[in-house]
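S.K.: Sequence lines, in order, name chains A and B.
Under numbering that gives the first Met the number 0, think of the first position of the first sequence as 0, with each following residue one higher.
Under numbering that gives the first Met the number 0, think of the first position of the second sequence as 0, with each following residue one higher.
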Amino acid sequence: MKLGASLGAALTGCQTKPPVEEEVNRLGKPIRGYGERSPYETSQRLVPEIRTPEAASTRTPLQDSCGIITPSSLHFERHHSGVPNINPAEHRLMIHGLVDRPLVLTMPEIKRLPSVSRIHFVECAGNGRSEWSPKGATDARQSHGLASCSEWTGVRLSLLLAEAGVKKEAKWLIAEGDDPCKMQRSIPITKALDDILVAYGQNGEALRPEQGYPLRLVVPGWEGNINVKWLHRINLVDQAAMTKDETSKYTELLADGTARIFTFEMDAKSIVTYPSGGQKLDGKGFHEITGLAWSGRGRIERVEVSTDGGKTWTTAQLQEPRHSKAFTRFRLPWTWDGAETQIVSRCTDETGYTQPTRDDLIAVRGKNSDYHNNAIKPWLIAADGSVTNA
Amino acid sequence: MRNWLTLLFACGLAVAQSPKYGIGRPPTADEVKRGDITVLPDGTGLPEGGGTPAEGKLVYERRCQRCHGAGAKGGDEVALVGGQGTLNTPKPVKTVGSYWPHATTVFDYTRRAMPFKEPGILTNDQVYAVTAYILHLNGIIAEADRMDATTLPKVKMPNRDGFVKDTRPDTGKKTRGLRTH
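1) What does a CB cutoff of less than 8 Å around K190/A pick up in its chain, not counting 5 residues either side in sequence?
2) Could you tell me the boundaries of the beta strand (DSSP E) in which C148/A lies?
3) Consult DSSP for M106/A and reduce its assignment to one of helix, strand or coil.
4) P157/B lies in the beta strand (DSSP E); which residues open and close that run?
5) Please confirm if R33/B has its CB atom under 8 Å from at least one CB of chain A.
6) Quick one: grab the DSSP three-state call for T353/A.
7) Could you round the C-beta distance between A112/B and G42/B to whole angstroms and report it? I think they count as a contact, below 8 Å.
8) Taking the alpha carbon of T20/B as the point to measure from, which residue in P47/A, P70/A, P113/A and L92/A has its own alpha carbon closest?
9) When burial is assigned at 16 or more other CB atoms within 10 Å of the CB, is T41/A buried or exposed?
10) How many Å lie between H286/A and G384/A at the Cα?
11) Would you report the Cα separation of I288/A and R117/A, rounded to the nearest angstrom?
12) Might you give, ordered along the chain, the residues of its own chain that have their beta carbon closer than 7 Å to the beta carbon of K279/A, omitting 5 neighbours on each side?
13) Give every residue of the same chain whose Cβ lies closer than 7 Å to the Cβ of T313/A, excluding the five residues on either side of it in the sequence, and list them in chain order.
14) What is the rounded straight-line gap between the Cα of R364/A and the Cα of A389/A?
15) Count the other CB atoms within 10 Å of the CB of T88/B; is the residue buried (16 or more) or exposed (fewer)?
16) Name the chain A residues that come within less than 8 Å of R24/B, Cβ to Cβ?
17) For L10/A, which of helix, strand or coil comes out of DSSP?
18) Going residue by residue through the region 89 to 149 of chain B, where are the continuous alpha helix (DSSP H) segments of at least 4 residues, counting only ones entirely within it?
19) Anything in chain B within Cβ reach of E108/A, meaning under 7 Å, just list it in chain order.
20) In whole angstroms, what separates the C-alpha of R145/B from that of T246/A?
21) Compare the Cα-Cα distances from K376/A to each of L158/A, S275/A and P320/A and report the closest residue.
22) I believe A131/B touches G55/B by the beta-carbon criterion, under 8 Å. Please report the beta-carbon distance rounded to the nearest angstrom.
23) Does the count of Cβ pairs from the region 201 to 218 of chain A and the region 84 to 91 of chain A closer than 8 Å reach three?
24) Looking at the unbroken beta strand (DSSP E) that takes in V302/A, where does it start and where does it end?
25) To the nearest angstrom, report how far apart K228/A and P355/A are at their CA atoms.
26) Whole angstroms is fine: what's the gap from C180/A's alpha carbon to I299/A's?
27) Give the residues of chain A in contact with D75/B, contact being defined as C-beta atoms less than 8 Å apart.
28) Can V343/A be considered in contact with the ligand NAP, in the sense that its beta carbon sits closer than 7 Å to one or more heavy atoms?
29) From what residue to what residue does the beta strand (DSSP E) around C346/A run?
30) Go ahead and pull the three-state DSSP assignment for Y391/A.
31) Among E122/A, S80/A and H90/A, which has the Cα closest to the Cα of K116/B?
32) Using a Cβ-Cβ cut-off of 8 Å, state whether R298/A counts as contacting chain B.
33) Alpha carbon to alpha carbon, what distance is there between H90/A and K110/A?
34) Residues of chain B with a CB under 8 Å from the CB of H322/A: which are they?
35) Is Q316/A buried or exposed, if buried means 16 or more other CB atoms sit within 10 Å of its CB?
36) Between the alpha carbons of I195/A and A53/B, how many angstroms are there, rounded?
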């Protein structure tokens, strides 16, 4: 007590005229070499409690997103043996097998070649798995967060294959990562010669380590697992390797006990991100409904939104330009009357395909498919404004 | 005239097939040998060596059992045996024995990715042996069967013909309602 009083007196004694705090504008933080977000922004990927965090996934908080680009720091993760620490100076890409001229390329050599930048989503085939159950997940991160969208920069795979000279017997290529488990997938040569990128850039900078630094495949519109990260080897072959991740995983069991294999494309999907599960409307009146739609088969042509539980549908505004096989942001002005209701979106892509209901999917596939659930996802808005999964 | 045409055609092909940018170098034979661990279902790429179920049991108990359980019936990680006959039921059990279409995949995946915390620690003989053990536990090969580059691709897995082509889009027409709970 005595000590505190004397210390206070001493401090006061240092200042002849103490300033009135409210009248002084304090300096902000100084400049810095690499930025970070505001301390008031706390949105995070969903990190599950799991025994093997090296073989796990995190989910993008889609409900907090705006626009169509996912920040690299929030791009979902799926690793099978952890994120390797790769020195780009030592990294090599080897292209071999059924080619005329096997090639080894360094990272500087790959960056010398003509490059392209494209905006594409990457989505795990298991995204929406929770939605096979009647209730589904409670928020957009949990239900749909295994999807993210970036601007990717790299070299077209077709260019690299032309440099190596693909022999006509080559029907598939095996893409292999340099993670500890050497993750690999078989890819049909037709897709490889179409639109696949060998990417080193993401959203204006190098790939993040968890997104495959320094080199990965971006396979537009196809299931995430085939977008092999930490790419170090491409082997041209005459048959699929039938790898663990294209046989025991990422195949869809049907009701009759057979399973679909090589189910590459991600079907058209959309989700309302505001208002969505876990959020709360702060009163009746005007709200902008917004969300994301995407299709592995091309551009999104239309998104319809229902604010009355599916009785009537209104066409939402789509953010332009719309990119093929990329997130498309949709928006719809809405005045909430304060009554309980359900809101839901459904999208149609450029092939004319419209997003189905869960019942539609189960009718043709049964309940054991696990992957490739692209059902519409209704949200229930209670009279107090709280939003839950319907 | 004919020779002229042949020569022109050959030149045209040579131009079409030559690299446009000429960046990079050919790998050495050793780089390809060390890097190429691809195993195809017809057996292409399988290395020398081999192993029996009895040998594999010892490898399994030391390296695999802690996660996959005694007799590969499952533990902290998935079961590797059982499940045959369940794929068309409400609770399908997908294991090596009930679901995997090719035995070569067991070798390939084990060699490149297992054990989880020490991938690459097993020798080729040990991988063949533990593959043989898992196949034997599933009743797919006999106790005396040795798995090697010749015998492994010939193993017919129970679900070899259980996979069908992707027939999507299998939905996509507008339907009424949201979903039934």
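Where is the CB? At the ideal position from N, CA and C, for every residue including glycine.
M.R.: The relevant details are as follows:
1) V218, W221 and F263
2) A146 to R155
3) helix
4) Unbroken run through P157/B: none, as it is neither H nor E.
5) Taking Cβ atoms only, chain A never reaches closer than 8 Å to R33/B, which makes this a no.
6) strand
7) Wrong, their Cβ atoms sit about 20 Å apart, outside the cutoff.
8) Sequence check: residue 20/B is Tyr here, not Thr. Comparing C-alpha distances from Y20/B to each of P47/A, P70/A, P113/A and L92/A shows the shortest one belongs to P113/A.
9) Result: exposed.
10) 12 Å
11) Approximately 27 Å, taken between the alpha carbons.
12) G384, S385 and V386
13) E303, V304 and L331
14) 23 Å
15) exposed
16) L102 and V103
17) Residue placement at L10/A is flagged as unreliable, the pLDDT there being 41, under the threshold of 50; a coordinate-derived value is accordingly withheld.
18) 102 to 112 and 123 to 136
19) Residues of chain B passing the Cβ test: I22 and G23.
20) For R145/B and T246/A, the distance between alpha carbons rounds to 24 Å.
21) S275/A
22) 5 Å
23) yes
24) I299 to S305
25) 31 Å
26) 36 Å
27) R50
28) Only the bare structure without any ligand can be found here, which leaves the ligand NAP out of the picture.
29) T340 to D348
30) Because residue 391/A is not part of the residues shown, which for chain A are 0 to 389, the question remains open.
31) S80/A
32) no
33) The alpha-carbon of K110/A is positioned some 13 Å away from that of H90/A.
34) Simply none; closest approach about 21 Å.
35) Q316/A comes out exposed.
36) 45 Å
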